[in-house]
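Residue numbers (my numbering): 446 to 1013.
Beta carbons: idealized from backbone N, C-alpha and C, even for Gly.
Okay, so here's the structure we're looking at.
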Amino acid sequence: MTHQVLARKWRPRDFESLVGQDHVVRALSHALQTQRLHHAYLFTGTRGVGKTTIARILAKALNCETGVSARPCGRCAACTGIDAGRFVDCIELDAASNRGVDEMTQLLENAVYAPTAGRYKVYVIDEVHMLSTHAFNAMLKTLEEPPPHVVFVLATTDPQRVPVTVLSRCLQFNLKNMSPAAVAAHLAVVLSAESVAFDRGALDRIGRAAAGSMRDALSLLDQAIAYGGGEVREPAVREMLGVVDAAWLVHILDALVAGDGARLVGLADEMLAGNAPFERTLADLAALLQRIALAQVGAIADADDPETLQRLAAAIAPEDLQVWYQIVIHGARDLPLAPDAHAGFTMVLLRLLAFGPDRGAVAAAAPPPTGRTQGVPPRGAAARTGSGGRSPGASGDQAPTAGGAQASGDRAPTARGDEAPTVRVDEPRTAVVQFDGDWPGLAARLQVGGFVQQFMQQSELIEADGLRFRVRVPIRPLAEPGTVKRVRAALGAHFGAPVRLDVEVGRVGGDTAAAASARERGERQAQAQAAIDADPFVRTLIEDFDGSIVPGSVRPIERRDAISGDEA
């Protein structure tokens, strides 16, 4: 068998070829160059990020025949022996299968003997957190004061399970997960060297699926080469990984923006017919919502389809996007509890629709009714006209009703009038409230929340002409079309008439509601501090007991506090 898997073939042999762990490489290189070596190292991190690889490179750097160096030659007997796993003075121990105190005792007994072929005896203990408590206790003394020729290199994916007494004796390095971009870039180098055709989009998908592990990425790359018949193409990788086509996710968001529930249910049925993995679909939908949120603040450098991302970012209000994201991740968590995956996925989509945009804003912006249909008052309260006579107070000139309609021409129900006729009674339109010029005061009077409240608090009025307002906001998310639409609806509901709202982004002055509130809080704080400083009783306490007022301990009594205190 001549083929060697990519994860082994492309395992780094020196610090220069190591990817994504520059902080560890820098520290170890400086220590080796200056001969400031520690007797115990602990490498932590998730699977496949390079813990054992760095341990082997460190062992080569310590035992290379050219001398201790950050650049081992890679050609001497020590370097080639360590790469092949047969160097007698580099002992690798899997703590998952050698976790007892007997194995640890035997290791420590052999540690006292001098190296056979190398300069140092290097003990690499992988998954060290799997050792038993007695094994940890047995190695504490040797780990603290080992023989001068012994170096311990410990590796673990769960440092929380390593005793503190062990952690305190080691030089600890936390290896980072590699970004999808770094993984994809390294895979491109590997495939170019292997002369395998590939799509960049396929590597991006493998990079995201690897979840920060380069070893997992190389294993997936091997699988993708076999699945694609010697090529790595995006459709094949998407099918291999079970990834949902991004077009489905865009269709879902388009249907949500349009409020098309029938389309959403149809999409769920089509995805069921196509054997789409619903759990993975929800995960991909959450990832897409996260990228849209980044696009709304201008961070779309790594987007696959920036035009679609920009379109969705403009169509979805930021507050709706945050609600949808929470619904999706909670729906993915609860999906196993549904009767079946399709039903659970459909309910998540309908829940997104129920909390979709403009539900509250449309209701708030609806014009007041111009009239109402009501029945004639019951016979007990109405004038009785059993013989066609009029009520005692009736005359030719009847007073108008409360609704403004004359009573003439309206007949009272007869004795058979269980089916009371209905009449149309016009109600007066809601009076238009005039703007008094106090924009901060208007912000305080509006009963709104979320981004609309933030808009009113942070915005500054530039010009007002009747119900036409031109305002300035300090950040671009407050000027998003969805937010402006909700603010316009809230103002229309307050004034009882449509308003025009023009928004620009720029530096605001001190005429915002937030600034006014801050000034008011500052004034009340200063008044409270002055009142405490001038209080005779407080001054007497300070003088008699040589005391002082703790800075920040004085605060004004809020209005609600004062009211509750009076009621008590």
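Problem set entry | Own chain residues within Cβ distance below 6 Å of residue 599, not counting five before or after | 487, 570 and 573
Exercise. Are the Cβ atoms of residue 702 and residue 620 separated by less than 8 Å?
Worked result: no
Exercise. Does residue 759 come within less than 8 Å of chain C when only Cβ atoms are used?
Worked result: No chain C appears in the structure shown, which is made up of a single protein chain.
Problem set entry | One or two residues paired with residue 486 in a DSSP bridge | 598 and 616
For this session: Keeping to the same chain, check which residues put their C-beta closer than 7 Å to that of residue 907; ignore five residues upstream and five downstream.
Result: 915, 916 and 917
Exercise. Does the separation of the CB atoms of residue 905 and residue 957 fall below 8 Å?
Worked result: yes
Exercise. Which residues mark the beginning and the end of the beta strand (DSSP E) in which residue 914 is found?
Worked result: 913-918
Problem set entry | Where the alpha helix (DSSP H) through residue 708 begins and ends | 706-718
Problem set entry | Proximity to residue 786 [Cα-Cα], best of 716, 626 and 732 | 716
Problem set entry | 8 Å Cβ cutoff met for residue 996 and residue 970 | no
Problem set entry | Rounded C-alpha distance that separates residue 627 from residue 465 | 7 Å
Problem set entry | Beta-carbon spacing of residue 932, residue 878 below 8 Å | no
Problem set entry | residue 930 - DSSP class collapsed to helix/strand/coil | helix
Problem set entry | Within the segment 460-522, ranges of the alpha helix (DSSP H) (whole runs, at least 4 residues) | 467-478 and 496-508
Exercise. What does a CB cutoff of less than 7 Å around residue 607 pick up in its chain, not counting 5 residues either side in sequence?
Worked result: 573, 574 and 601
For this session: Count the C-beta pairs between the segment 511-525 and the segment 537-554 that are closer than 8 Å, then say yes if the count reaches three, no if not.
Result: no
For this session: With DSSP collapsed to three states, give me the class of residue 908.
Result: strand
For this session: Note the first and the last residue of the continuous beta strand (DSSP E) segment covering residue 537.
Result: 535-539
For this session: For residue 759, I'd like the list of residues in its chain whose CB is within less than 7 Å of its CB, leaving aside the five on either flank, ordered along the chain.
Result: 926
For this session: Might you give, ordered along the chain, the residues of its own chain that have their beta carbon closer than 7 Å to the beta carbon of residue 615, omitting 5 neighbours on each side?
Result: 485, 486, 487 and 599
For this session: Kindly indicate which three-state DSSP category residue 816 falls into: helix, strand or coil?
Result: At residue 816 the pLDDT is 41, less than 50, meaning the model places this residue with poor confidence and gives no usable figure here.
Exercise. Ordered along the chain, which non-local residues of its own chain (more than five positions away) have a Cβ less than 6 Å from that of residue 774?
Worked result: 731
Exercise. Where does residue 965 sit, in a helix, a strand or coil, going by DSSP?
Worked result: helix
For this session: Return the first residue and the last residue of the beta strand (DSSP E) that residue 566 is part of.
Result: 566-571
For this session: Could you have a look at residue 949 and say whether DSSP puts it in helix, strand or coil?
Result: strand
Problem set entry | Beta-carbon proximity check, residue 772 vs residue 739, cutoff 8 Å | no
Exercise. Is the segment 499-518 close to the segment 450-467, with three or more CB pairs under 8 Å?
Worked result: yes
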